[in-house]
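Participant: Can you read through this structure? Questions will come right after.
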């Protein structure tokens, strides 16, 4: 059998497709739309994952939270000293942070406290903020928070309502660089003293504790030691967080993959059904080709080219549209699946990552399956006797 | 080869060219550069919060450290709380195993 690429058969296949242009166009549009939908979803997921994974290494290895009555509770700061005494622990810090619900706009701000006197914080904040002017009653805002406050006419300061009902005025300082928007959009950074005042957290208490471990092989051991020491604590390692990320994205894109597979198979069943009951005209065409001297493998080759051309064109078009939709148009509508129902949305500028794996997955889900759906019925007609087919 | 097939073949090359140009452009304009990556890492290191602020109304989504292993299914951002169904869940079989 000659397996050489046959230009004449290709030309025949192209002309055959153009003869049935409405059917071809219909299949092209549907298949492109399916490829477009799934690949946009994968591109979004992949970019978010990339974003998370590129920053996950900067996080502390272990987070310790106190659980009381099934909920997270304040943890005593003295725990820090005990954790620091464990061998292998590089550093441990009591974090003070929480959510502040701003009723006027219906959004939650994330308030994060830092030690105002520590030099390293000043340095790192200097490099990620546009302008640093850090005093005790000044806060640094994410872009989203700044926008929301401005809308509510808080341009110079913001009045936080403390648990006992009085106000705490904090002045608006610098804002974070646009580069960090996906991370910093809803964040307000200020001194721990202010945060304690706003949330009514005692000096001896903290939200949770984060610990750094120098040797990655020791993380699990140290985590279990902490767990033994504090049975009421929830100890979360960096790996747990990674698994958790993976779960949520697998879940979200899995739902869509399931929907996609259902629609894809429905589509192929329609195609197969239409093609297996080849119209008498198409059957006659195959018969005539055979009578002219075409062999079965020529007929199949021609059908293969037809299927390949349509599905490959749809595939490329779908990918082009998906890239444009996700990275240039910033995925309108579809981004809501990922960003939830928040009022404080980010501008959703995802970093571009060329997702070869997903592209290959979509290719193998669409192109070969479509080709199979066109070849199989043609094979059945092509193996019949010529006179039987023509008649 | 007739004109239509030639056009068809050309359109294939045009599509491939558009795809390559698009990928090149996105690579050049939209991918994360070193500077952005540095400031992102610096930010995460400073505030020590794990997640992206892509959903703020559901605390367990914004900060995964607040959630447990089931919350990907229970507390998804697109899932509204409805009693009974979201209230009860069965824990994974490996939890509570005798070690």
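Chains as they are written, first to last, in the working numbering: chain F, 533 to 923; chain Z, 45 to 143. Here a beta-carbon is modelled for each residue, glycine too, at the ideal position from N, C-alpha and C.
1. Can you check whether the CB of residue 598/F is closer than 8 angstroms to the CB of residue 771/F?
2. Near residue 910/F, which residues of its chain fall below 6 angstroms by C-beta distance, leaving aside the five closest residues on each side in sequence?
3. Residues of chain Z with a CB under 9 angstroms from the CB of residue 886/F: which are they?
4. Is DSSP giving residue 826/F helix, strand or coil here?
5. DSSP three-state call for residue 580/F: helix, strand or coil?
6. Can the beta-carbon of residue 588/F be found closer than 8 angstroms to that of residue 634/F?
7. Hey, how far is the Cα of residue 714/F from the Cα of residue 575/F?
8. Quick one: which unbroken beta strand (DSSP E) runs of 3-plus residues sit fully inside the segment 590-652 of chain F? Chain order, please.
9. Between residue 893/F and chain Z, is there a C-beta pair that is closer than 8 angstroms?
10. Less than 8 angstroms between the beta carbons of residue 848/F and residue 63/Z, yes or no?
11. So, with DSSP's three-state summary, where would you put residue 105/Z?
12. Within a Cβ cutoff of 6 angstroms, which residues of the same chain sit near residue 55/Z, ignoring the five residues on either side of it in sequence?
13. Taking the Cβ atom as the reference point for each residue, do residue 723/F and residue 674/F lie within a distance shorter than 8 angstroms?
14. Would you tell me roughly how many angstroms separate the C-alpha atoms of residue 789/F and residue 583/F, rounded to the nearest one?
15. CA-CA distance, residue 786/F and residue 778/F?
16. Considering residue 73/Z, what are the terminal residues of the alpha helix (DSSP H) in which it resides?
17. Classify residue 607/F as buried or exposed, calling it buried when 16 or more other Cβ atoms lie within 10 Å of its own Cβ.
18. Run the CB neighbour count on residue 557/F, radius 10 Å, all protein chains shown included, and call it buried at 16 or more, exposed below.
19. Kindly give me the distance between the Cβ atoms of residue 578/F and residue 829/F, rounded to whole angstroms, as I take these residues to be in contact under 8 angstroms.
20. Using C-beta distances below 8 angstroms, list every residue in its chain close to residue 614/F, excluding the 5 sequence neighbours before and after it, in chain order.
21. Answer yes or no: does any C-beta atom of chain Z fall closer than 8 angstroms to that of residue 578/F?
22. Cutting at 7 angstroms between CB atoms, please list the residues of its own chain near residue 851/F, excluding the five before and the five after it.
23. Quick one, which residues of the segment 566-590 of chain F are near chain Z if we go by CB-CB under 9 angstroms, in chain order?
Facilitator: The structure says:
1. For this step, residue 771/F is matched to residue 239 along the first chain. For this step, residue 598/F is matched to residue 66 along the first chain. No, these two residues do not count as a Cβ contact at 8 angstroms.
2. In the first chain, counting from the first residue as 1, residue 910/F sits at position 378. Same-chain partners within the cutoff: 835.
3. Counting from 1 along the first chain, the entry for residue 886/F is found at position 354. Per Cβ cutoff of 9 angstroms: 67, 70, 71 and 75.
4. Your numbering for residue 826/F matches position 294 in the first chain. Shown here, residue 826/F sits in coil according to DSSP, grouped into three states, outside any helix or strand.
5. On the first chain, position 48 is the one that residue 580/F refers to. DSSP places residue 580/F in helix when its eight states are reduced to three.
6. Within the first chain, the letter at position 56 stands for residue 588/F. Within the first chain, the letter at position 102 stands for residue 634/F. Result no, Cβ atoms of residue 588/F and residue 634/F do not sit closer than 8 angstroms.
7. For this step, residue 714/F is matched to residue 182 along the first chain. For this step, residue 575/F is matched to residue 43 along the first chain. Distance between residue 714/F and residue 575/F, taken at the CA atoms: about 16 angstroms.
8. 594-600, 603-605, 621-627, 629-634 and 639-646
9. As a first step, residue 893/F is located in the first chain; it is residue number 361 there, counting from the start. Output row for residue 893/F: interface = no.
10. Working through the first chain from its first residue, we reach residue 848/F at position 316. Working through the second chain from its first residue, we reach residue 63/Z at position 19. Less than 8 angstroms divides the Cβ of residue 848/F from the Cβ of residue 63/Z.
11. Start at 1 with the first residue of the second chain, and residue 105/Z comes out as number 61. In this prediction, residue 105/Z scores a pLDDT of 44, lower than 50, which makes its location untrustworthy; the coordinate-derived value is nonetheless stated afterwards. DSSP places residue 105/Z in helix when its eight states are reduced to three.
12. Residue numbering aside, residue 55/Z sits at position 11 when the second chain is read from its first letter. In its chain, beyond the 5 residues on either side, no residue has a beta carbon closer than 6 angstroms to the beta carbon of residue 55/Z.
13. Translated into positions along the first chain, residue 723/F becomes position 191. Translated into positions along the first chain, residue 674/F becomes position 142. Their beta carbons are not under 8 angstroms apart, which means residue 723/F does not touch residue 674/F by this criterion.
14. Translated into the one-based positions of the first chain, residue 789/F becomes position 257. Translated into the one-based positions of the first chain, residue 583/F becomes position 51. So the two alpha carbons sit approximately 22 angstroms from each other.
15. For the purposes of this step, residue 786/F is identified with residue 254 of the first chain, where counting begins at 1. For the purposes of this step, residue 778/F is identified with residue 246 of the first chain, where counting begins at 1. Cα-Cα distance, rounded: 11 angstroms.
16. Here residue 73/Z refers to the residue found at position 29 when the second chain is read from its first residue. If you look at residue 73/Z, you'll find it in the alpha helix (DSSP H) that goes 47-73.
17. Along the first chain, one-based indexing puts residue 607/F at 75. Flag for residue 607/F reads buried.
18. If you number the first chain from 1, residue 557/F lands on position 25. Counting Cβ neighbours within 10 Å, residue 557/F comes out exposed, since fewer than 16 surround it.
19. Taking the first residue of the first chain as 1, we reach residue 578/F at position 46. Taking the first residue of the first chain as 1, we reach residue 829/F at position 297. That pair is no contact at about 40 angstroms.
20. Locating residue 614/F in the first chain gives position 82, counting from the first residue. Cβ neighbours of residue 614/F beyond the five flanking positions: 761.
21. For the purposes of this step, residue 578/F is taken as residue 46 along the first chain, with counting starting at 1. Chain Z, which has no Cβ nearer than 8 angstroms to the Cβ of residue 578/F, makes this no.
22. Within the first chain, the letter at position 319 stands for residue 851/F. Excluding residues within five positions, the ones whose Cβ falls inside 7 angstroms are 567, 571 and 891.
23. 580, 582, 583, 584, 586, 587, 588, 589 and 590
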